[in-house]
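Residue numbers (this note's numbering), protein chains in the order written: chain P, 30 to 145; chain R, 5 to 119.
Backbone N, C-alpha and C fix where the C-beta goes; we use that ideal spot for every residue, glycine too.
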């Protein structure tokens, strides 16, 4: 059974703290994603990685960075957490079966982060 | 522009009613894929269906059916005889396969099925 695992379901952090959200997938997928989900805004892409050590900014990268040192792990880093980063964070992974083919993404269970 | 629009923010139906969730997309690419995901209260997005741009056949899976129409750039999802367990947020998504494989999601439709 395919699996994307996020390290925490719920997290409470203080303003200014450095926050690490971890995501691990066991499917040997090349692509990994971090999304943020807010009411009325749907899923917005923060960062995307298509290979180890490779990353690409999504639609809302400000205030975030990422790390992908191993294929199975993709970390989202909030350098200095702020209250407007309180949100649900979703990690996903995917792998095209063939070049040019779009396969579905598999999602983790989400991390609900509250910054106080 | 690449965009997915789900105009229905929230829908409430009574159990056993049929309900259709709308999805309209925009893309300049000729090769693309469309998806529907379900997000139950537990939070994890569950994949429901994938459709590529060259396959306009409608699909039925149990109580679920999907209608893909390129002429109107729509990929609508119908639940027949809805059940309380269908209550969730449903997302439509688009991926274009030229360049990087990034998924573009709509804002979601919250479906409430009342007993």
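The three-state secondary structure of residue 62 of chain R, taken from DSSP, is coil. Residue contact check for residue 65 of chain R against chain P: no CB pair falls below 9 Å. For the stretch 97-118 of chain P, the residues whose beta carbon sits under 9 Å from a beta carbon of chain R are, in order, 117. Counted as a single uninterrupted DSSP element, the beta strand (DSSP E) harbouring residue 52 of chain P occupies residues 48-54. Think of a sphere of 7 Å around the beta carbon of residue 49 of chain P: no beta carbon from chain R falls inside it, the nearest being about 20 Å out.
Beta-bridge partners of residue 67 of chain P (DSSP): P:71. Contact annotation: residue 51 of chain R and residue 110 of chain P have beta-carbon atoms that are not nearer than 9 Å.
By the 16-neighbour rule on beta-carbons within 10 angstroms, residue 38 of chain P is exposed.
Short of 6 Å from the beta carbon of residue 71 of chain R, and not among the five residues preceding or following it, lie these beta carbons of its own chain, in chain order: 62, 80. In this chain, the beta strand (DSSP E) harbouring residue 107 of chain R covers 107-109.
Spanning the alpha carbons of residue 74 of chain P and residue 118 of chain P requires a straight line of approximately 10 Å. Residue 50 of chain R has a beta carbon lying within less than 9 Å of a beta carbon in chain P.
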